[in-house]
Amino acid sequence: MNMIKSKNSYFEVERAGVNTTFQDRGRQNLNHIGIPVSGVMDKRNYILANALLKKDLNSPVIEFAYQGPLLKYKGEEIFIVLTGDVKFQIVRDNNKKIIGEPYQVYLIQNNDKIDIQSTNKSVYGYISVSEDFILDKTWGSYSINTKANIGPNNGEKLSNNQKINIDHKKKNLTITNLNYVNSKIEYIRVLRSMHFDFFSEKSKNIFFNKEFKVTKLSDRMGMRLKGQVLENVVNSNIKSEGLVKGVIQVPSDGNPIIMLSDHGTIGGYPKIANVISADFDKLVQMIPGSAIKFKQVSLEEAEKLFKFYNLETDNLINQI
Amino acid sequence: MIKNILNLGDASVYCDFGKDVNKEINTNVINYFNNLKDKKIEGITNITPSYNKLIISFDLDITNFLKIKKIIENLEVKKKNENKKKFIEIPICNEKKFTLDHSRLENLLKIKYDKILEIFFSKEYFCYMTGFIAGMPFLGDISEKLRAKRLETPRVKVPKGSIGLTEQFCNIYTYESPGGWNIIGNTPLEIFNKDNQKNPALINPGDTVKFKQISEDEYDKIKK
Chain A
14 MNMIKSKNSY FEVERAGVNT TFQDRGRQNL NHIGIPVSGV MDKRNYILAN ALLKKDLNSP
74 VIEFAYQGPL LKYKGEEIFI VLTGDVKFQI VRDNNKKIIG EPYQVYLIQN NDKIDIQSTN
134 KSVYGYISVS EDFILDKTWG SYSINTKANI GPNNGEKLSN NQKINIDHKK KNLTITNLNY
194 VNSKIEYIRV LRSMHFDFFS EKSKNIFFNK EFKVTKLSDR MGMRLKGQVL ENVVNSNIKS
254 EGLVKGVIQV PSDGNPIIML SDHGTIGGYP KIANVISADF DKLVQMIPGS AIKFKQVSLE
314 EAEKLFKFYN LETDNLINQI
Chain B
53 MIKNILNLGD ASVYCDFGKD VNKEINTNVI NYFNNLKDKK IEGITNITPS YNKLIISFDL
113 DITNFLKIKK IIENLEVKKK NENKKKFIEI PICNEKKFTL DHSRLENLLK IKYDKILEIF
173 FSKEYFCYMT GFIAGMPFLG DISEKLRAKR LETPRVKVPK GSIGLTEQFC NIYTYESPGG
233 WNIIGNTPLE IFNKDNQKNP ALINPGDTVK FKQISEDEYD KIKK
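Going down the list, the sequences are from chains A and B.
Numbered as in the numbering used here, the first sequence ends at 333 without a single skipped number.
Numbered as in the numbering used here, the second sequence ends at 276 without a single skipped number.
Next comes the structure, spelled out in structure tokens:
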């Protein structure tokens, strides 16, 4: 029998970056025992990274924040792509430097380096490779949750000098690139939540009319905002109950916190509103210091906007 | 019974069973949870029970709020057969090094520590929910005599296996974690086992827990 031999190739992590993890769509149906969903922060850029390499759209990718990793490649040639608003360069074995463009597929050879310098006025970026990372699933997902230490790489972010192993089967690939610019958003659209009326009339007005600043205390678990304090006139402590991505909780100090991918499964602060699913990708890319304005929409509008968001993503995939 | 079904954002349903926290309401929440879980409804991505709420998240690509709401309204909630609920015995060692809040509890409750333990071990506890950190059970109700406030300043690190008390509940820290509950002992048992891909949590909502006091020798033997 003629066996197709797969060869192992790998990246050497020469610089790990700020918060570099493997992510996919996250793990489901485990919230009831306290296991968070996790998964990519910016879903569209994740999908595009895999689509550009004609991979299964559920494949794991490397997610990075602010400064990405510096990776040295060892092995037979491979294709890579970066997505997001990312500044990077490829340093060839002969020291020739190529300025990288996101959404363009590159051929990488033995000893080439990928130097992901920064995300431009955004937080998250992605890198996908044409072959498969050698990783183990934890409860059905490759996502790393560094707070709960769940997922591959012992649930920890990537560190300097480690290896990322790749199962090299030499897939054929016809290269197609994509012209895509991540657009900014004027408002983050929300639905009112069940505890909206816990807040004073003045605070409700502030919530929809004033700006809130994204603070540095923001990560994959949540985004902490600062603005005019929201005054709870009913009860600032509720009995702990479940949380979902996009919930905006307001603890007793009056500053909103938005739950993101790695959020804990239960919490005891009132929920003033929820970010709509169509705006998650844009929300998570807002850097500390950016101003957020909230705009109220109805459930029907939110559902329509999500359909539109999906259509846009599908159109991009069809261009590839 | 469910008092109110609301949307929580555009991709989850919030079932409100009322304001009270008691075993009866929570049993009802857990019945809904088990029945929904068994139905394996397409598009549902998580069902999260808590004291008196049930939150159902779904994939907006597959279904939507009104469809899930209808399913819940028409759900025939059968009482789960009792043998599906587990009875679990948890050994605890109460040697001084494990009882971080020994004197705090004596002062707050105005009861000698031996008596505190006697009251604590005399009851069985019901698991209301699991969460906060992976596998952490929220067990109740503890005796009225043992109800103590949270620590004013939470600990940065509560050791793994610690048993904590606050208000009507006790819990078990499945990992080393920050926390503000009053610590009365430590269990050598692995309450949450990451390597168990099927049933990582030893205690699930609806289970009953009985604590058993053990010596330090026994503790070390189990821990190995």
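Yeah, the Cβ is synthetic: ideal placement off N, Cα and C, and Gly gets one too.
Since the structure is predicted, the reported quantities are computational estimates derived from the model, not experimental observations.
Residue closest to residue i, alpha-carbon to alpha-carbon, out of the options
i      : options                        : result
G277/A : I198/A, P269/A, N158/A         : N158/A
G192/B : I185/B, A186/B, R207/B, E176/B : E176/B
D266/A : N287/A, V242/A, M272/A, V247/A : V242/A
A78/A  : T132/A, N107/A, F35/A          : T132/A
K295/A : A62/A, I188/A, V194/A          : V194/A
T34/A  : F146/A, K182/A, N268/A         : F146/A
K264/B : E128/B, K246/B, F172/B, Y165/B : F172/B
I77/B  : P101/B, D62/B, I96/B           : P101/B
N245/B : I266/B, K162/B, D272/B, K212/B : K212/B
S51/A  : I144/B, K149/B, T97/B          : T97/B
D166/B : E270/B, P252/B, K148/B         : K148/B
N293/A : Q175/A, S143/A, Y200/A         : Checking the sequence, you will find Phe at residue 293/A rather than Asn. Nearest C-alpha to F293/A: Y200/A.
I261/A : K182/A, F24/A, F307/A          : F307/A
I46/A  : I185/B, N80/B, I215/B, D272/B  : I185/B
V288/A : I177/A, M236/A, N174/A, N108/A : M236/A
L183/B : I103/A, I48/A, I198/A, K85/A   : For the sequence presented, residue 183/B should be read as Gly rather than Leu. The residue with the shortest Cα to Cα distance from G183/B is I48/A.
Local Cβ density within 10 Å of residue i, reported as buried at 16 or more and exposed below that
i      : result
M181/B : buried
L60/B  : buried
T151/B : buried
M53/B  : exposed
D180/A : exposed
A29/A  : buried
N56/B  : exposed
L95/A  : buried
A304/A : exposed
E94/B  : exposed
L171/A : buried
T151/A : buried
K275/B : exposed
L38/A  : One point to set straight first is that residue 38/A is Arg, not Leu, in the sequence displayed. So R38/A counts as buried.
D153/B : buried
F212/A : buried
Q36/A  : buried
L204/A : buried
T187/A : exposed
For residue i, the three-state DSSP class (helix, strand or coil)
i      : result
T34/A  : strand
G316/B : Since the first residue of chain B shown is 53 and the last is 276, residue 316/B is not available in this structure.
D90/B  : helix
E316/A : helix
Y225/B : coil
G52/A  : coil
Y322/A : helix
F225/A : strand
F85/B  : helix
R40/A  : coil
Y139/A : strand
H208/A : coil
F69/B  : coil
G168/A : helix
Q220/B : coil
N185/A : coil
K175/B : coil
Y86/A  : strand
K258/A : coil
7 Å CB neighbourhood of residue i in its chain, flanking five on each side removed
i      : result
E219/B : R199
V297/A : M54, D55, V136, Y137, L273
P280/B : Absent from the model: residue 280/B. The displayed extent of chain B is 53 to 276, so no value can be given.
L148/A : F35, P73, Y155, P165
Contacts around residue i, its chain only, beta-carbon distance under 8 Å, and the 5 residues preceding and following it disregarded
i      : result
F221/B : Y180, F190, L191, G192, D193, I194
A291/A : R202, A315, L318, F319, F321, Y322
I251/A : H208, G281, Y282, P283
A62/A  : V74, V94, L95, T96, Y139, I140, S141
6 Å CB neighbourhood of residue i in its chain, flanking five on each side removed
i      : result
C67/B  : I54, I57, L106
I243/B : G187, I224, T226, L254
F139/B : T260
N124/A : D106
V31/A  : A78, Y79, Q80
beta-carbon residue i near the ligand GTP non-hydrogen atom, thresh 8 Å
i     : result
G47/A : The ligand GTP is not part of this structure, which contains no ligands at all.
Touching by the beta-carbon criterion (3+ pairs, under 8 Å), the region 241 to 259 of chain A and the region 158 to 170 of chain A: no
Can you find at least 3 beta carbon pairs, one from the region 107 to 114 of chain A and one from the region 280 to 296 of chain A, that sit closer than 8 Å? no
Evaluate the contact criterion for the region 220 to 239 of chain B versus the region 110 to 130 of chain B: three or more CB pairs, one atom per stretch, below 8 Å. no
Below 8 Å, can you find three or more Cβ-Cβ pairs linking the region 80 to 100 of chain B to the region 36 to 44 of chain A? yes
Would the region 124 to 138 of chain A count as touching the region 97 to 111 of chain A if we require 3 or more Cβ pairs under 8 Å? yes
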